[in-house]
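Below is one structure, written out as structure tokens; comments come after it.
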Amino acid sequence: MSDTRSRLVYMANQIARNFAAMGVDAEAATAEHIASFWDPAMRAVLIADPAGLNESASAAFDRLRSAAAAARVPKTEVVERAKAPGGSDAG
Numbered sequence: 473m474s475d476t477r478s479r480l481v482y483m484a485n486q487i488a489r490n491f492a493a494m495g496v497d498a499e500a501a502t503a504e505h506i507a508s509f510w511d512p513a514m515r516a517v518l519i520a521d522p523a524g525l526n527e528s529a530s531a532a533f534d535r536l537r538s539a540a541a542a543a544r545v546p547k548t549e550v551v552e553r554a555k556a557p558g559g560s561d562a563g
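Counting from 1 along the sequence shown, just add 472 to a position and that's the residue number in this note's numbering.
The following block contains the structure:
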């Protein structure tokens, strides 16, 4: 495990443990914290490979992975937009 990845795992686990100790929903609070404060590149590392995360942190990254997948626009929708009058496939 790279030093950067190891550090991200450590930080995510710490965040989840701290929220659990506060008596809040650690999964939801961790996901919200990471979505709000982590750089997208940092999130992407652990979304792609959550190995080493504790149970709450892993569940938080499952939420983030699901949210990222839901946010993607299906390719067929992009094609249909481009075919519409005045349409474009440019974002």
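By construction, the Cβ of each residue, glycine as well, lies at the ideal position given by its N, Cα and C atoms.
The structure presented is a predicted model; accordingly, all values stated were derived computationally and were not measured.
Exposed unless 16 or more other CB atoms sit within 10 angstroms - verdict on residue i
{"i": "V481", "result": "buried"}
{"i": "R515", "result": "buried"}
Beta-carbon proximity check, residue i vs residue j, cutoff 7 angstroms
{"i": "E504", "j": "S528", "result": "no"}
{"i": "R537", "j": "I519", "result": "yes"}
{"i": "R477", "j": "V517", "result": "yes"}
Nearest-angstrom beta carbon gap, residue j and residue i [assumed within contact, 8 angstroms]
{"i": "A488", "j": "A532", "result": "6 angstroms"}
{"i": "N526", "j": "N485", "result": "5 angstroms"}
Cutoff 7 angstroms: residue i Cβ touching any chain D Cβ
{"i": "R544", "result": "The question asks about chain D, but that chain is absent: this structure has only one protein chain."}
Scan the segment 504 to 535 and note each continuous beta strand (DSSP E) run of 3 residues or more that stays entirely inside, going in chain order.
Listed in chain order, there is nothing to give.
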